[in-house]
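Chains as they are written, first to last, in my numbering: chain A, 35 to 305; chain B, 881 to 1257.
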Amino acid sequence: MSAGAGERERVVEVRGLVSRFGTQVVHDGLDLDVYRGEVLGVIGGSGAGKSVLLRTIVGLRQPQGGTIRMFGIDTTHMDDAERRPIERRFGLLFQDGALFSSLTVLENVRVPLIEYYRLPDDVVDELAMLKIRLAGLPTSAAHKYPAALSGGMRKRAGLARALALDPEILFLDEPTSGLDPLSAAAFDELIATLHASLGLTVFLVTHDMDSLYAVCERVAVLSNGRVVVADTIDRVEQHDEEWVRQCFLGPRGRSAARQAELVGPTASRPA
Amino acid sequence: MPQSFAPPPEFSIDAGSARAVLAGPWTLANLGPLFARRPTLPSGPARWTIDASRLSALDTAGAMLLVRVLRGAGLGPGDVDFTGLRDADLRLVELVDARSREQCEAGEPYFGFRAMLERMGRAVARFGQQARELLGFVGLTMATLTGVLIGRAKLRWTSIVHHMEETGLDAVPIVALLSFLVGAVIAFLGATVLRDFGASIFTVELVSYAFLREFGVLLTAIILAGRSGSAFTAQIGSMKSREELDAIKALGLDPIELLVLPRLIALFVMLPLLTFLSMVMGLVGGGIVSLFALDISAGQYITRLQEMTEIRHFWVGMIKAPIFAFLIAVVGCLEGLKVEGSAESVGRHTTAAVVQAIFLVIVFDALFAVFFMEVGL
Ligand SMILES: Nc1ncnc2c1ncn2[C@@H]1O[C@H](COP(=O)(O)OP(=O)(O)O)[C@@H](O)[C@H]1O
Ligand SMILES: [Mg+2]
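Shown next as structure tokens:
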């Protein structure tokens, strides 16, 4: 553990998590902490259980063992009604945005605002519009239907909806997969900006080594059902676990590291 | 919930010393009442000081409210002095101010009388456009069909046989059962009304005229519109939404030849056959009711049929079958081709296909009825 991290507030604590599908064990006593205000990158091979971990933390899936605490509250076995006040404190971006296809972008962002709070109509509109712009979408996109948007814009719209309730934590599942390198870099930059200006905690599942270097302060590596290492990226690079070595010392890891040295990380040093 | 115990957010102003005080949690969860009160700042010559030392929390909603209040007085965050505002919060206010300054264009109005008129106008215009599209598509299909006849395009036999099985053979049970039941119902109607006049025997004519001229073909067409027309739209539509149609075109193939013609030809062959089945089953249904409710024996029923019902009634019904088949197939395929993007669009166009096909079938049936009456058939 890096020095000083122990004193920071933990917004998510996963202890001894066990997830199984039939006989297949996905998580086998997994421990993970997320500290307030950090950007945590979660990496691991395909099928390592990153998405399952994310879905379990946010309560879309019941674990077979272990506990999950969010904001210090044990949420492992909560029912839907108990979960609602917790749910409005985090935002979730699904892989393809998961926008409601029968609603425009603006209406999509309005949904959580209307569902949770009683606000005048024009205030809801203005707030939704603000979130759309914070997510980096042009205002002309607000009245479009998801089908009329490109992949990158759909993700931004999904992000706007995830930001609607001013969450404390943002969960992102491979937000840059399927985007071209330029859009992916722009999305990384957006995450870094939002993190710095809104003080968000970000839980970022990713495959993208560039994102890792660009925005993550801490990196957790999932392998064999556990977190083998969770630390700053410099220290994770030095770790001698097999998958970690291959990943960081392979061609993609090296070029991403070189790139990061040239431009410098954007998130860890907010302006 | 912790926030229900917190003091409510407050905004108070002291115009004399040009001070405004923000207090409590200015967060989305708590701001509803304050937003509804629409606080304002009186504009004056003095430079306002905003005291945020008792502000316990600020999020984007709170920042937006503050920006609104300032903008109401024609001010920005740079035109006032903040005291006790944390740096991070000031940055948030500035960010929100910058982002909400970009002009936002209004969406189309959706409520109100004028919006309703507008929607009506659009619907009428769309109706005309749809009719034109349908005509255009009919022409395209005909051209491709001609291409097949002169050997420029290929007929896809495997596909045709597959669709003949799907739209024809698989529909036999439902067409047979429904026709039988409707035939029985018509015979019951005839029995009830005609018995009072002592003319029960005319039930035979009632059933045979009805089924041969109208119901056989109409019933079959409506069942196939719901069963096969919708399937055509859904099949072609989901291919379109997965860009398979573009792939077909990119491979130098013709979607009309590959997807539309086999379905059209299959329905063209099967709908008349099913119509024949429907006529037979309707007559059987009528016959059974006649036997049990009216004591008309099977022999009597058949003799009466032969003597009193001319064969032309059969042809009047039968000639409509290929035309209805054409309508159903063309509408189903065209709606499928109009699908774009999402899965929701597939559902919408499938509904549209069924409604349009049934609409067209009934309209054409009425036109035929008038025509046959005029020519005295
Ligand atoms: N609904 C499910 N049913 C059965 N197995 C599943 C299910 N969801 C995920 N898995 C399995 O769990 C493992 C982890 O999946 P996932 O978390 O999606 O991987 P990734 O790390 O690539 O996101 C995979 O081996 C997958 O086969
Ligand atoms: Mg995954």
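Glycine is no exception: its CB is placed at the ideal position from the N, C-alpha and C atoms.
Being a predicted model, the structure only gives us computed values, none of them experimental.
Pop quiz: residue 197 of chain A and residue 169 of chain A are said to be a contact at Cβ under 8 Å. What is the actual Cβ separation, rounded to whole angstroms? The Cβ separation is near 7 Å, so the contact holds.
Going along chain B, which residues have a C-beta under 7 Å from residue 157 of chain A? Contact note: residue 157 of chain A reaches chain B through 915, using a C-beta cutoff of 7 Å and chain order.
Neighbour flag for residue 952 of chain B against chain A, beta carbons, 7 Å: Not closer than 7 Å to any Cβ of chain A, the Cβ of residue 952 of chain B fails to qualify, so no.
Interface positions of the segment 922–948 of chain B facing chain A (Cβ-Cβ less than 7 Å), listed along the chain: Those would be 939, 940, 941, 944, in chain order.
Mapping DSSP to helix, strand and coil, what is residue 895 of chain B? Three-state result, residue 895 of chain B: coil.
Looking only at its own chain, which residues have a Cβ that is under 6 Å from the Cβ of residue 896 of chain B, when we skip the five neighbours before and after it? Here the set comprises nothing.
Could you check which residue in A:89, A:106, A:144 has the C-alpha nearest to that of residue 128 of chain A? Relative to residue 128 of chain A, the option among A:89, A:106, A:144 whose CA is nearest is A:89.
Smallest Cα separation from residue 1213 of chain B: which of B:1197, B:1226, B:1222, B:1198? The shortest C-alpha separation from residue 1213 of chain B is found at B:1226.
Is the separation between the beta-carbon of residue 44 of chain A and that of residue 67 of chain A shorter than 7 Å? In contact: residue 44 of chain A and residue 67 of chain A (Cβ atoms closer than 7 Å).
For residue 1028 of chain B, the nearest candidate out of B:1142, B:943, B:956 (CA to CA): Scanning B:1142, B:943, B:956 for the CA closest to the CA of residue 1028 of chain B turns up B:1142.
Could one say the Cβ of residue 1092 of chain B lies closer than 7 Å to chain A's Cβ atoms, at least one of them? Not one chain A Cβ lies under 7 Å of residue 1092 of chain B.
Residue 1010 of chain B to residue 1215 of chain B span [Cα, whole Å]: One C-alpha to the other measures close to 10 Å.
Of all the CB atoms in chain B, is at least one closer than 7 Å to the CB of residue 286 of chain A? False, the Cβ-Cβ gap to chain B never drops below 7 Å.
Could you tell me the distance, in whole angstroms, from the CA atom of residue 261 of chain A to the CA atom of residue 270 of chain A? The straight-line gap from Cα to Cα measures roughly 12 Å.
Tell me where the alpha helix (DSSP H) around residue 1079 of chain B begins and ends. DSSP places residue 1079 of chain B outside any alpha helix (DSSP H), giving it a letter other than H or E.
Taking residue 199 of chain A as the query, report the chain B residues whose CB atoms sit under 7 Å from its CB, ordered along the chain. Result: 908.
When every heavy atom of ligand 2 is checked, does at least one fall within less than 6 Å of the C-beta of residue 308 of chain A? The structure shown does not extend to residue 308 of chain A, since chain A is modelled only from 35 to 305, so the question has no answer here.
Would you report the Cα separation of residue 233 of chain A and residue 972 of chain B, rounded to the nearest angstrom? Their Cα atoms are separated by approximately 9 Å.
Cβ of residue 247 of chain A less than 7 Å from any chain B Cβ? Among the residues facing chain B, residue 247 of chain A is not included, as its CB has no counterpart in that chain under 7 Å away.
Kindly indicate the opening and closing residues of the alpha helix (DSSP H) around residue 931 of chain B. Annotation for residue 931 of chain B: no alpha helix (DSSP H) segment contains it, though the beta strand (DSSP E) segment containing it runs 929–938.
7 Å is my cut-off, CB to CB: does residue 1107 of chain B come that close to chain A? It does not; no Cβ of chain A falls within 7 Å.
Identify the contact partners of residue 971 of chain B in chain A, using a Cβ-Cβ distance below 7 Å as the criterion. Near residue 971 of chain B (Cβ distances below 7 Å), the residues of chain A are 231.
In three-state terms, what does DSSP make of residue 203 of chain A? Here residue 203 of chain A sits in strand by DSSP.
For the pair the segment 212–220 of chain A and the segment 235–247 of chain A, tell me if three or more CB-CB distances fall below 8 Å. Here the segment 212–220 of chain A makes contact with the segment 235–247 of chain A; the two share three or more CB pairs at distances below 8 Å.
For residue 905 of chain B, the three-state DSSP class (helix, strand or coil): The answer is strand: DSSP assigns residue 905 of chain B an E or B state.
Give the straight-line distance between the Cα atoms of residue 953 of chain B and residue 969 of chain B, rounded to the nearest whole angstrom. About 21 Å.
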